[in-house]
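Here the structure comes first, spelled out in structure tokens, and everything after it is commentary.
Protein chains in written order, with full-length UniProt numbering: chain A, 1 to 178; chain B, 1 to 178.
Next comes the structure, spelled out in structure tokens:
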């Protein structure tokens with residue numbers, strides 16, 4: 001009887017963790033999708049023209065930002081697919097193999113997301129500060145709106161990274177308990 | 001008797017995984033340390049001088065490369081410390097809590113390492129190709145040795161990322177089996 005109660009409690013905690021997993025995935029979908037859309041729709045036209053500054057600034061002018069949009073899109077698409085397994089874990093909290101698979105793909109997606117976010121952050125930093133040694137000038141004086149949008153779109157990605165670290169920790173805890 | 005044999009086999013496989021974990025950590029230490037050293041000792045002096053190009057190119061001229069060196073150093077220091085837990089897992093293959101802790105820190109370190117590697121890769125790409133839209137010129141024609149060293153030092157970091165993904169997968173597998 002005591003063993004049965006213990007088992008019930010265990011299942012209850014596991015189910016709570018699984019529901020939390022589902023909610024965190026929803027949060028991460030919104031964060032990464034918002035990042036991809038914010039960066040993907042960045043577009044600033046300027047009313048003046050000099051030898052150095054072109055008319056328009058788009059995210060696709062910088063390959064790194066294109067990679068950022070691609071990485072965030074892939075990660076949010078994966079997260080939508082992973083919701084299926086997450087629901088499966090809510091119903092069947094003792095599942096083990098599917099959790100290992102989820103940890104593996106979560107880890108790979110974390111690497112992809114942090115790669116995209118950090119590469120974009122490096123370029124955003126350069127756009128803000130420039131670099132005198134390499135003679136790369138800061139472009140944010142001219143393209144202020146462009147810089148604001150690209151900087152802001154990083155937030156969702158870095159938030160997504162934190163959620164992924166939490167998700168992996170929760171899956172590992174669930175594995176160790178079952 | 002059959003149960004005992006099964007238990008022995010299970011322990012044997014877990015021990016094999018734990019030994020593999022130890023070896024992979026050694027590989028990752030070498031890879032990340034080599035990356036940090038290769039980037040940290042990058043230094044090219046030029047024999048000519050123009051208005052735009054300075055005499056010397058060092059890794060610390062670009063903040064992103066400084067972050068790369070810091071990230072790789074932190075990760076390799078963590079890996080050295082984690083060897084202790086790895087040895088503990090070889091001796092006590094049924095350990096669970098310590099594996100969860102290891103997965104958590106491995107995940108955080110994977111995020112840090114891929115952040116450093118990708119940010120540096122974005123800058124290296126810019127140094128090679130430049131960007132006409134933002135008027136950032138390629139600097140690799142002048143600083144060829146500098147570019148070769150910085151590009152080469154990325155390899156260790158990206159290798160380390162793959163090792164971390166493997167390590168997390170192996171820990172998760174070990175948790176699901178025990």
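Even for Gly, the Cβ is constructed at its ideal location relative to N, Cα and C.
Since the model is a prediction, treat every value here as computed from it, not as a measurement.
Contact set between residue 170 of chain A and chain B, taken where Cβ atoms lie within less than 7 Å
None at all; the shortest Cβ gap to chain B is about 10 Å.
Within chain A, partners of residue 144 of chain B - CB distance below 8 Å:
What residue 144 of chain B touches in chain A: nothing, since even the nearest Cβ is about 14 Å away.
Compute the beta-carbon to beta-carbon distance between residue 88 of chain B and residue 95 of chain B, rounded to the nearest angstrom, for a pair I have assumed lies under 8 Å.
Between residue 88 of chain B and residue 95 of chain B a beta carbon distance of about 7 Å is seen, short of the 8 Å cut, so the two are scored as contacting.
Using the beta-carbon of each residue, which ones in chain B are nearer than 9 Å to residue 97 of chain A?
Correct list: 176.
What is the residue span of the beta strand (DSSP E) that residue 148 of chain B lies within?
No beta strand (DSSP E) contains residue 148 of chain B, which is instead part of the alpha helix (DSSP H) from 144 to 177.
Express the C-alpha separation of residue 74 of chain B and residue 151 of chain A in angstroms, rounding to a whole number.
When rounded, the separation of the alpha-carbon atoms in residue 151 of chain A and residue 74 of chain B is 26 Å.
Short of 8 Å in beta carbon distance, which residues of its chain neighbour residue 119 of chain A, apart from the five on each side in sequence? Order them along the chain.
Contacts found: 64, 67, 68.
Segment contact, 8 Å Cβ cut-off, at least three pairs: the segment 140 to 148 of chain B with the segment 145 to 164 of chain A
No: the two stretches stay apart, fewer than three of their Cβ pairs being nearer than 8 Å.
Is it buried or exposed for residue 25 of chain B, if we count other Cβ within 10 angstroms and need 16 for buried?
Burial is judged here by how many other beta carbons sit within 10 angstroms of a residue's own beta carbon; residue 25 of chain B has at least 16 and is buried.
Contact check, residue 28 of chain A vs residue 153 of chain A, beta carbons under 8 Å
Not in contact: residue 28 of chain A and residue 153 of chain A (Cβ atoms no closer than 8 Å).
I need the straight-line Cα distance from residue 80 of chain B to residue 171 of chain A, nearest angstrom please.
Rounded to the nearest angstrom, the two C-alpha atoms are 25 Å apart.
When burial is assigned at 16 or more other CB atoms within 10 Å of the CB, is residue 91 of chain A buried or exposed?
By the neighbour-count rule (16 or more Cβ atoms within 10 Å), residue 91 of chain A is not buried but exposed.
Does any C-beta atom of chain B lie closer than 8 Å to the C-beta of residue 104 of chain A?
For residue 104 of chain A, the nearest beta carbon of chain B is closer than 8 Å to its own beta carbon.
Selected residue, minimal CA-CA separation from residue 84 of chain A, among A/18, A/122, A/157
Looking at the Cα atoms, A/18 is the closest of the given residues.
Neighbourhood of residue 78 of chain B by C-beta distance below 8 Å, restricted to the same chain and skipping five residues each side
Correct list, in chain order: 105, 109.
Would residue 15 of chain B and residue 93 of chain B be called neighbours here (beta carbons separated by less than 8 Å)?
In this structure, residue 93 of chain B lies closer than 8 Å to residue 15 of chain B by Cβ.
Listing by chain order, which chain B residues have their CB less than 9 Å from the CB of residue 100 of chain A?
In chain order: 169, 172, 173, 175, 176.
With distances taken Cα to Cα, identify the nearest neighbour of residue 132 of chain A among B/132, B/137, B/129.
Comparing Cα-Cα distances from residue 132 of chain A to each of B/132, B/137, B/129, the minimum goes to B/137.
Hey, is residue 41 of chain A's beta-carbon within less than 8 Å of any beta-carbon in chain B?
With 8 Å as the cut-off, residue 41 of chain A does not count as an interface residue toward chain B.
For residue 133 of chain A, go through chain B and note every residue whose CB falls closer than 8 Å to its CB, in chain order.
54, 57, 61, 62, listed in chain order.
Outcome for residue 1 of chain B when other beta-carbon atoms lying within 10 angstroms are tallied against a minimum of 16:
Confidence in residue 1 of chain B is poor, its pLDDT being 44 and thus under 50, which makes the residue's placement unreliable; the coordinate value appears in the next sentence. Counting the other Cβ atoms within 10 Å of the Cβ of residue 1 of chain B gives fewer than 16, which makes it exposed.
Would you say residue 107 of chain B lies against chain A (beta-carbon separation less than 8 Å)?
For residue 107 of chain B, the answer is yes, since a Cβ of chain A falls inside 8 Å of its Cβ.
Distance, residue 125 of chain B Cα to residue 56 of chain B Cα
About 20 Å.
Suppose the cutoff is 7 Å on Cβ atoms and the five residues either side in sequence are ignored; what does the same chain contact list for residue 40 of chain A look like?
Counting only residues of its own chain and dropping the five nearest sequence neighbours on each side, residue 40 of chain A has a CB closer than 7 Å to the CB of 59, 69.
Residue 133 of chain A by DSSP, collapsed to three states: which one?
Assignment of residue 133 of chain A by DSSP, reduced to helix, strand and coil, places it in the coil class.
Buried or exposed: which applies to residue 107 of chain B, given that a residue is buried once 16 or more other Cβ atoms fall within 10 Å of its Cβ?
Within a 10 Å sphere around the beta-carbon of residue 107 of chain B sit 16 or more other beta-carbons, which makes this residue buried.
Kindly list the residues whose CB is nearer than 8 Å to the CB of residue 13 of chain A, restricted to its own chain and excluding five residues on each side of it in sequence; keep chain order.
Within the same chain, residue 13 of chain A has close Cβ partners 177.
Integer-rounded CB distance, given that residue 113 of chain A should sit under 8 Å from residue 157 of chain A
The beta-carbon distance between residue 157 of chain A and residue 113 of chain A, rounded to whole angstroms, is 6 Å. This is short enough to meet the 8 Å contact definition.
At which residue ranges does the segment 58 to 126 of chain B contain complete alpha helix (DSSP H) runs of 4 or more residues, listed in the order of the chain?
Entirely contained in the segment 58 to 126 of chain B, the alpha helix (DSSP H) runs reaching 4 residues are, in chain order, 63 to 91.
If you measure from the beta carbon of residue 22 of chain A to each beta carbon in chain B, is any gap under 8 Å?
No - not a single Cβ of chain B is within 8 Å of the one on residue 22 of chain A.
Where the beta strand (DSSP E) through residue 141 of chain B begins and ends
Run containing residue 141 of chain B: none; DSSP gives neither H nor E here.
When the cut-off is 8 Å and only beta carbons count, does residue 91 of chain B lie next to chain A?
With 8 Å as the cut-off, residue 91 of chain B does not count as an interface residue toward chain A.
Identify the contact partners of residue 123 of chain B in chain A, using a Cβ-Cβ distance below 7 Å as the criterion.
Among the residues of chain A, those whose CB is under 7 Å from the CB of residue 123 of chain B are 122, following chain order.
Please classify residue 86 of chain B: is it buried, with 16 or more other beta-carbons within 10 angstroms of its beta-carbon, or exposed?
Residue 86 of chain B is buried by the Cβ-count criterion.
Listed by chain order, chain A residues near residue 165 of chain B by CB distance under 7 Å
Correct list: 107, 108, 111.
Within 10 angstroms of its Cβ, does residue 35 of chain A collect 16 or more other Cβ (buried), or is it exposed?
With 16 or more Cβ atoms within 10 Å of its Cβ, residue 35 of chain A is classed as buried.
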